[in-house]
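Here is the structure we will look at.
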Amino acid sequence: MSGRAAIVGGGIGGLATAACLRGHGWEVEVFERAPGPPETGTALGMWPHALAALDTLGLGGALRAGATRQSGGTLRRPDGTTVASLGLGGGVYLVSRPALLKLLSGALGGTAVHYGTPVADIRALTGYDIVVAADGANSRARSVLFGQRYTPVPAGVTAWRGTVPGAPAVAGETWGRGALFGITPHDDGSTNWYACVRDGDLAGTGAADDRTLLRTHFGAWHRDVRDVLARIDAPGVLRHQLTHLVTPLPSYVRDGVALIGDAAHAMLPNLGRGACEALVDGVTLARLLVTSDRPDRALAAYDRVRRRRTQRLVRASAVLNRVALARRCTGLRDVTVRLATAAAPRR
Numbered sequence: 001m002s003g004r005a006a007i008v009g010g011g012i013g014g015l016a017t018a019a020c021l022r023g024h025g026w027e028v029e030v031f032e033r034a035p036g037p038p039e040t041g042t043a044l045g046m047w048p049h050a051l052a053a054l055d056t057l058g059l060g061g062a063l064r065a066g067a068t069r070q071s072g073g074t075l076r077r078p079d080g081t082t083v084a085s086l087g088l089g090g091g092v093y094l095v096s097r098p099a100l101l102k103l104l105s106g107a108l109g110g111t112a113v114h115y116g117t118p119v120a121d122i123r124a125l126t127g128y129d130i131v132v133a134a135d136g137a138n139s140r141a142r143s144v145l146f147g148q149r150y151t152p153v154p155a156g157v158t159a160w161r162g163t164v165p166g167a168p169a170v171a172g173e174t175w176g177r178g179a180l181f182g183i184t185p186h187d188d189g190s191t192n193w194y195a196c197v198r199d200g201d202l203a204g205t206g207a208a209d210d211r212t213l214l215r216t217h218f219g220a221w222h223r224d225v226r227d228v229l230a231r232i233d234a235p236g237v238l239r240h241q242l243t244h245l246v247t248p249l250p251s252y253v254r255d256g257v258a259l260i261g262d263a264a265h266a267m268l269p270n271l272g273r274g275a276c277e278a279l280v281d282g283v284t285l286a287r288l289l290v291t292s293d294r295p296d297r298a299l300a301a302y303d304r305v306r307r308r309r310t311q312r313l314v315r316a317s318a319v320l321n322r323v324a325l326a327r328r329c330t331g332l333r334d335v336t337v338r339l340a341t342a343a344a345p346r347r
């Protein structure tokens, strides 16, 4: 089947859907509220299932050639002692958000991307065979279609992320009491970093700038963390409150509209799967549309294939967030993680 599609949101999921549909003869329009594609961004991990989706688009080879492969990482305590060494199987490819979006944009063909064009009411998009809501965690489309009950809620955690010059000595995460710090390679030979602190531990910090806050909370941690802290440029730090969709949607489809990515299943970042699932959502939906004889059947199949799987990931991400940012029994936590890792099958 071929037809006309409107996609609200020009992020990873939206562009992946557009590229796949366009490659099968669909007429596609993308509406993006931002004035243009982002010029900066931190690293995203592409897991094997996301790479398979990129292979479907004919983009997997280019991604692998330009990204940084990470085959494992180390989980440490703040003093630098190792809790566990984690293998990543076939490896995860790290790519910046701008680089991934540029790759997807190159596969759009003649698709029109309307930047600076927010869509207040997705029901106003008429004359299309399918409408896709890929408008992020704070999705207007989700609110219009399902109501305010299905709104992401704060996790009680503040997160920072950024990049610094130079490649990292060791990749992995460090878990403390109510805080964590992560270090990975970036696709341009620099270091990608991220940090999380429970909001309760930020009380009384006042108007301190981000670099000061980070040094206050992590300045006594091991050398690799301190080395990153010393290279952080305050204007380049991104800070936000973590939110997730605690109340699961009863369906990812309503009134001829399909929700994908964070609009459907906004999750906490601890599993590193948000961008991957948006990509897989988009390609899965598009392939079902082009192989079905009716859009409604394709939408029903998409909901059946993707909803339960991604909602499990939302729950798993929340559990891992609580474990990683535990304030009590951290010694028991670390021992449990070490034993579980040692018992896991090697691939």
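In full-length UniProt numbering, the protein residues as written are 1 to 347. Even glycine gets a Cβ: it sits at the ideal position worked out from N, Cα and C.
In the structure shown, GLN241 falls within a strand segment according to DSSP collapsed to helix, strand and coil. Each residue's CA atom was taken as its position, placing GLY200 and MET267 some 21 Å apart.
Check the Cα spacing between GLY272 and each of LEU214, ARG327 and TYR194: the tightest is with TYR194. A direct Cα-to-Cα measurement between CYS196 and LEU15 gives close to 29 Å. With respect to GLY156, ARG198 sits close: the two C-beta atoms are nearer than 9 Å.
A Cβ-Cβ separation of about 6 Å places TRP160 in contact with LEU214 under the 8 Å criterion.
The criterion of a C-beta distance shorter than 9 Å is satisfied by ALA134 and VAL8. The DSSP assignment places complete beta strand (DSSP E) segments of no fewer than 3 residues inside the stretch 85–119 at 112–115, in order along the chain. Taking 8 Å as the upper bound for CB-CB distance, GLN70 and THR158 are not in contact here, some 25 Å apart. Taking a cut-off of 8 Å on C-beta distances, the stretch 35–50 does not touch the stretch 119–134, as fewer than three cross pairs fall below it. Residue nearest to GLY109 within the set VAL253, LEU313, THR310 and GLU29 is GLU29 (criterion: CA-CA distance).
Beyond the five residues adjoining it in sequence on each side, THR205 comes within less than 8 Å, by CB distance, of LEU213 and THR216 in the same chain, given in chain order. Looking at ALA50, VAL319 and VAL153, the one whose alpha-carbon comes closest to that of LEU94 is ALA50. Boundaries of the beta strand (DSSP E) harbouring SER71: 68–76, taken from the DSSP string. Taking a contact as a CB-CB distance under 8 Å, the pair ALA84 and THR341 counts as one, their CB atoms being some 4 Å apart.
Inter-residue distance for THR243 and LEU59 is about 31 Å (C-alpha atoms, whole angstroms). If you draw a straight line from the Cα of ALA264 to the Cα of LEU249, it comes to about 7 Å.
Taking a contact as a CB-CB distance under 8 Å, the pair ARG306 and ASP281 counts as one, their CB atoms being some 6 Å apart.
Judged by their CB atoms, VAL337 and VAL257 are not nearer to each other than the 9 Å cut-off. Residue range 140–146 is occupied by the alpha helix (DSSP H) that includes VAL144.
Fully contained in the stretch 132–206 are the following beta strand (DSSP E) runs of length 3 or more, in chain order: 153–164, 172–175, 179–185 and 191–198.
As for any alpha helix (DSSP H) of minimum length 4 sitting wholly inside the stretch 269–346, the runs are 274–291, 295–324 and 330–343, ordered along the chain.
Cβ atoms of THR174 and HIS222 come within 8 Å of each other, at about 7 Å. In the structure shown, ALA65 falls within a helical segment according to DSSP collapsed to helix, strand and coil. Within its own chain, the residues whose Cβ lies closer than 7 Å to the Cβ of ARG226, once the five positions on either side in sequence are excluded, are GLY219, listed in chain order. Distances from the CA of TRP26 to each of GLU32, MET46 and MET1 were compared; the closest alpha carbon is that of MET1.
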